Each structure stands twice: as structure tokens, then as C-alpha cells.
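Chemist: Same order as they appear, the protein sequences are chains A and B. Going letter by letter, the first sequence gives residues 4 to 141 in this note's numbering. Going letter by letter, the second sequence gives residues 4 to 141 in this note's numbering.
Protein chains: 2
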Amino acid sequence: MGSTTTASSATARRSATAAVVPVECTVTPLLDVAFSRWTTPVLWTLNEFGRQRFVELERRLGGITPKVLTQRLRQLERDGLVIRTYHPEVPPRVEYEISELGRTLGPLFATMAAWAQEHIGEVEAARVVYDEDGRPGP
Amino acid sequence: MGSTTTASSATARRSATAAVVPVECTVTPLLDVAFSRWTTPVLWTLNEFGRQRFVELERRLGGITPKVLTQRLRQLERDGLVIRTYHPEVPPRVEYEISELGRTLGPLFATMAAWAQEHIGEVEAARVVYDEDGRPGP
DNA sequence: CAGTATCCAGATTGATACTG
DNA sequence: CAGTATCAATCTGGATACTG
Chain A
4 MGSTTTASSA TARRSATAAV VPVECTVTPL LDVAFSRWTT PVLWTLNEFG RQRFVELERR
64 LGGITPKVLT QRLRQLERDG LVIRTYHPEV PPRVEYEISE LGRTLGPLFA TMAAWAQEHI
124 GEVEAARVVY DEDGRPGP
Chain B
4 MGSTTTASSA TARRSATAAV VPVECTVTPL LDVAFSRWTT PVLWTLNEFG RQRFVELERR
64 LGGITPKVLT QRLRQLERDG LVIRTYHPEV PPRVEYEISE LGRTLGPLFA TMAAWAQEHI
124 GEVEAARVVY DEDGRPGP
């Protein structure tokens, strides 16, 4: 994408009242379903470790409460990203696995993890500089 | 990270007390810097429309308040993803642009937007099914 | 224009129980 | 085990008004 500096209309004003109109971010829909508060770690864990039970998820996610885990799981199930399987036994057993749709996010996770590994150092360095020198202009 | 399904100890229990240990999600660091609440739309807009002033961002983002926009901008600037340029004129003029580091997120945005465009319909369909039939197991 | 200062409403989380 | 139910503590985020 990215025709930088779109030519817009022929006689478009340059800077004054340059017809700046609201545009919707095209990635937002994905953010809502897969990158909200706890959804990413849940999906990521499911994608990495395969089918697992409620407690396994709870432990691996480290620090999530059952209430919140249930909420996220329900949302992901409703959105078709996660499949819940109930086994009527005693004690009850429920397994969660990522759906085929959810699995299509795998490459994205990989790319994101790679970005983090490669660039997070730069981010931290930038913070140090910013906190030392402060912002230049008023 | 990395070694999926670590063999752990030789005589590792299989399912009973299968040494389920907390693992940290490798994409979380990126989420914190670029995919928090308003950060993505801001970065995306900057990436799509190039260098622009505060009000332009404010208008294009549609509905964000100056306070919140300032907060996100400051965070992004601190993290080295956005560059702020102050022009000492009257009236004051400040321009924001995405940094080179921030620009490395471009392909990621493109991939995410593509995913949304391709699969969001399946998500919505899954919701309809779920809301009609409800979840199968108790 | 480019913010900053307040105050407030709503959403998310966390900690703690308590069932089937 | 696999949740659900509550209540309290946060934490953004929104609306509004006000400077340099």
C-alpha cells in the first residue's frame, strides 16, 4: 500500500484546510478478536502447546484467575478461534484446542515474536535515552 | 524459549502431575509497545499518511481526545517508534512521523489487515452459530 | 495550534469464596 | 477438576475547560 503523500484531489489545498477526514484503521478488527487483553497469551499457549485442560492453561499462563480465563476462553470459542471439548466423566474433564481458523494466526504470532526478539532492545534503548535527555522541543 | 514440548526429566509423569510450568508469551513485549489500546491506530495512521500535525492525527483518528492522543504519542516517542518535531513558530507547529524502527512494523500491519479482510467473516459467522445454538457441553 | 489540568464513568482485574 | 458468583481495587478513557 502506501502511496506516500497521496495526491488526493487535483486542486487539494495543501496544508490549510486539507480535508482531513477520519479513516478507520484496518487492523482494528483483528485486534478486537485476537489481541485484546488476555486473548493473545491464551491463543499463543494453545497454539504452542496444543490441546490442554483448563488447569494446564491456568498454570502456564501464570497469574490469570479462573474467572478471567473463562471469560477469554468463552470469547475465543464464540469467535471460532478455540474449540472446547467436554468429557462427561468424574471428575469432569474439559479440553481446549485452537481451531483451524485460530491456527491461521500462527504465522502472525511467529512474525510478531521475531520482531520482539529483534527490536525490543532498540525500544528499551530508546527509553533510556528519552528518560535521560527528555524530549527536545517544548 | 523455543524447545517445544521440552522433554523435561527422563521419567517425567505423563498427564497426572505433568510439570506444567508457567511460560511467557513471546509476543507480549510487542503487544505492550505497539498494540495497546490506541497505539495501533496512531502508528497505523502515521505509517499510512506520513508525517502529520497533531490536529491531523486527532481528526483522522476520529473520536480520540487530545489528552489520550498526547499520552499515546508520548509513549510511542519514548519507545522510539515515533519522532516528534517541534517548530518554534507562531502559531506553534509540531509534526509527528513514524521512525525507522516504527516503520519495520509496516509489513506486520499489512499482514494483520490482510488477515482481517480474509477471515473476519468467519469470525462473525462463528458468533452467529454460537449465539444460536449455544455451547454444546455443560 | 498544541497541548495540560481536572473530574468522572465504564471497563478490566484481582482476590476470595463457593458449586456440580 | 472446571467453573461461577461477588465485591473491591485499578486503570484507562471520555468530556470539558483552560494556557502558551
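Every residue gets a Cβ at the ideal spot worked out from N, C-alpha and C, and that includes glycine. In this text, all values refer to a predicted model and were calculated from it rather than measured experimentally.
According to DSSP, what are the bridge partners of residue 123(A)?
Modeler: In the DSSP output, where bridge partners are listed per residue, residue 123(A) has none listed.
Chemist: Can you give me the start and stop residues for the alpha helix (DSSP H) that residue 96(B) sits inside?
Modeler: No alpha helix (DSSP H) contains residue 96(B), which is instead part of the beta strand (DSSP E) from 96 to 101.
Chemist: Using 8 Å as the Cβ pair cut-off and three pairs as the minimum, do the region 117 to 136 of chain B and the region 75 to 91 of chain A touch?
Modeler: The region 117 to 136 of chain B is in contact with the region 75 to 91 of chain A.
Chemist: Given a cut-off of 8 Å on the beta-carbon distance, is the pair residue 59(B) and residue 67(B) in contact?
Modeler: Their beta carbons are not under 8 Å apart, which means residue 59(B) does not touch residue 67(B) by this criterion.
Chemist: Beta-carbon separation of residue 103(A) and residue 138(B) under 8 Å?
Modeler: No, the pair does not count as a contact, with Cβ atoms beyond the cut-off.
Chemist: Quick one: which chain B residues come within Cβ less than 9 Å of residue 136(A)?
Modeler: Result: empty, since nearest Cβ-Cβ is about 11 Å, beyond 9 Å.
Chemist: Under 8 Å between the Cβ atoms of residue 107(B) and residue 34(A)?
Modeler: No, the Cβ-Cβ distance between residue 107(B) and residue 34(A) is not below 8 Å.
Chemist: Across which residues does DSSP place residue 88(A) in a beta bridge pair?
Modeler: Note: residue 88(A) sits in a beta bridge opposite 98(A).
Chemist: How is residue 40(B) classed by DSSP in three states: helix, strand or coil?
Modeler: Three-state result, residue 40(B): coil.
Chemist: Taking Cβ positions only, does residue 99(A) come closer than 8 Å to chain B?
Modeler: No, residue 99(A) lies away from the interface with chain B (no Cβ there is under 8 Å from its Cβ).
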